[in-house]
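K.L.:
Following my numbering, the numbering of the first sequence begins with 1423 at its first residue and continues without gaps.
Please read through the structure below; I'll follow up with questions.
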Amino acid sequence: MVFEDICNTGLTLGSTAISNPQNHSKKKPSSSSLKPNRSKIGQIGSKIDACKVDVESTVLYRQASSVSLSSSHSLSSVKREREISGEEVEEERAGSKLSDDQDDQEGGARKKLRLTKEQSVILEDSFKEQSTLTPKQKQVLAKQLNLQPRQVEVWFQNRRARTKLKQTEVEYELLKKCCETLTDENRRLHKEIQELKALNVAAPFYVQIPAATLTMCPSCERIGGT
DNA sequence: AGAGTCAAACAGTTCT
DNA sequence: AGAACTGTTTGACTCT
1423 MVFEDICNTG LTLGSTAISN PQNHSKKKPS SSSLKPNRSK IGQIGSKIDA
1473 CKVDVESTVL YRQASSVSLS SSHSLSSVKR EREISGEEVE EERAGSKLSD
1523 DQDDQEGGAR KKLRLTKEQS VILEDSFKEQ STLTPKQKQV LAKQLNLQPR
1573 QVEVWFQNRR ARTKLKQTEV EYELLKKCCE TLTDENRRLH KEIQELKALN
1623 VAAPFYVQIP AATLTMCPSC ERIGGT
């Protein structure tokens, strides 16, 4: 492989493009302090919809989790079980009620929706085919997944952003390797020059041309003719 | 649409 | 064992 092939990514080595924006650790705050800031009145309608979905999914998530937690499985298997039971979750999502889950919503703390395995698979498949959706495709997919079109839209936005981030990380690693290789090569060549110079000083036996006809370039220190 | 960000959910590790 | 802490993933939002 040629260096140009590796290095021609069109990227600049800016540190801001490399840093991971998600690496901000936070202590888990108390639920009462977790009020999302919602300032724009114009978006309240859609947010109410989103909240409703979250609340609904919370009920279902809890139901799925409580079953798994009663067993002796590890946390990861709990998650897997929840994903496996996605079909039930999906069914219940459609006809869920809010009334019997008021303890969860005390203080207005909002739980986060997690997509089921099936929903994720379908979204991933769609993304593989096309990374952007037409409004029509969005509608169809939302209906198929029993989600709000807005949720599908947001999922695609996030997916694009995170794909790009991963790609950037891969390219950064490639450029880093490329840079290291070039540095090594540069070091090696400098050393070689020094050795040749030393050799030249020690035994200039090969100079056959009369010294008077030769000139030395002051910058590159090469010997040339007149 | 993309970038930046927040925060819930989850996973792994350390401490008691 | 389980509480506490730390780090990661991901759904959702705002701003440009």
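Glycine is no exception: its CB is placed at the ideal position from the N, C-alpha and C atoms.
Whole angstroms is fine: what's the gap from K1534's alpha carbon to L1596's?
P.N.:
Numbered from 1 along the first sequence, position 112 holds the residue referred to as residue 1534. Numbered from 1 along the first sequence, position 174 holds the residue referred to as residue 1596. Their Cα atoms are separated by approximately 36 Å.
K.L.:
Count the CB pairs spanning the segment 1570-1579 and the segment 1601-1609 that are closer than 8 Å, and state whether there are at least three.
P.N.:
With the cut-off at 8 Å, the segment 1570-1579 and the segment 1601-1609 do not touch.
K.L.:
Could you give the DSSP three-state label for R1536: helix, strand or coil?
P.N.:
Numbered from its first residue, the first sequence carries residue 1536 at position 114. If DSSP states are grouped into helix, strand and coil, R1536 belongs with coil.
K.L.:
Note down the Cα distance separating Q1566 from K1586, rounded to an integer number of angstroms.
P.N.:
Within the first sequence, numbered from 1, the residue matching residue 1566 stands at position 144. Within the first sequence, numbered from 1, the residue matching residue 1586 stands at position 164. Answer to the nearest angstrom: the Cα atoms are 27 Å apart.
K.L.:
Answer with buried or exposed for Q1541, where buried requires no fewer than 16 other C-beta atoms within 10 angstroms of its C-beta.
P.N.:
Mapped onto the first sequence, residue 1541 falls at position 119. Label assigned to Q1541: buried.
K.L.:
Can you tell which of N1622, L1545, L1621 and L1618 has the C-alpha that lies nearest to the C-alpha of P1571?
P.N.:
Working through the first sequence from its first residue, we reach residue 1571 at position 149. Cα-wise, what sits closest to P1571 is L1545.
K.L.:
Check the C-beta distance from S1553 over to R1582 and give it rounded, since I have them as a contact under 8 Å.
P.N.:
As a first step, residue 1553 must be located in the first sequence, where it is residue number 131. As a first step, residue 1582 must be located in the first sequence, where it is residue number 160. At roughly 6 Å, the Cβ-Cβ gap stays under 8 Å, so S1553 and R1582 are in contact.
K.L.:
Measuring CA to CA, which of K1588, E1591, L1537 and D1547 is closest to N1568?
P.N.:
Stepping through the first sequence from its first residue, residue 1568 is reached at position 146. Taking only the C-alpha atoms, the option nearest N1568 is L1537.
K.L.:
DSSP on T1605, reduced to helix/strand/coil?
P.N.:
What you label residue 1605 is simply residue 183 of the first sequence in a count that begins at 1. If DSSP states are grouped into helix, strand and coil, T1605 belongs with the helices.
K.L.:
Identify the continuous alpha helix (DSSP H) that holds L1563 and give its terminal residues.
P.N.:
Taking the first residue of the first sequence as 1, we reach residue 1563 at position 141. Start and end: P1557 to L1567.
K.L.:
Please report how far the alpha carbon of V1543 lies from the alpha carbon of E1593, in whole angstroms.
P.N.:
Locating residue 1543 in the first sequence gives position 121, where the first residue counts as 1. Locating residue 1593 in the first sequence gives position 171, where the first residue counts as 1. Whole-angstrom Cα-Cα distance: 27 Å.
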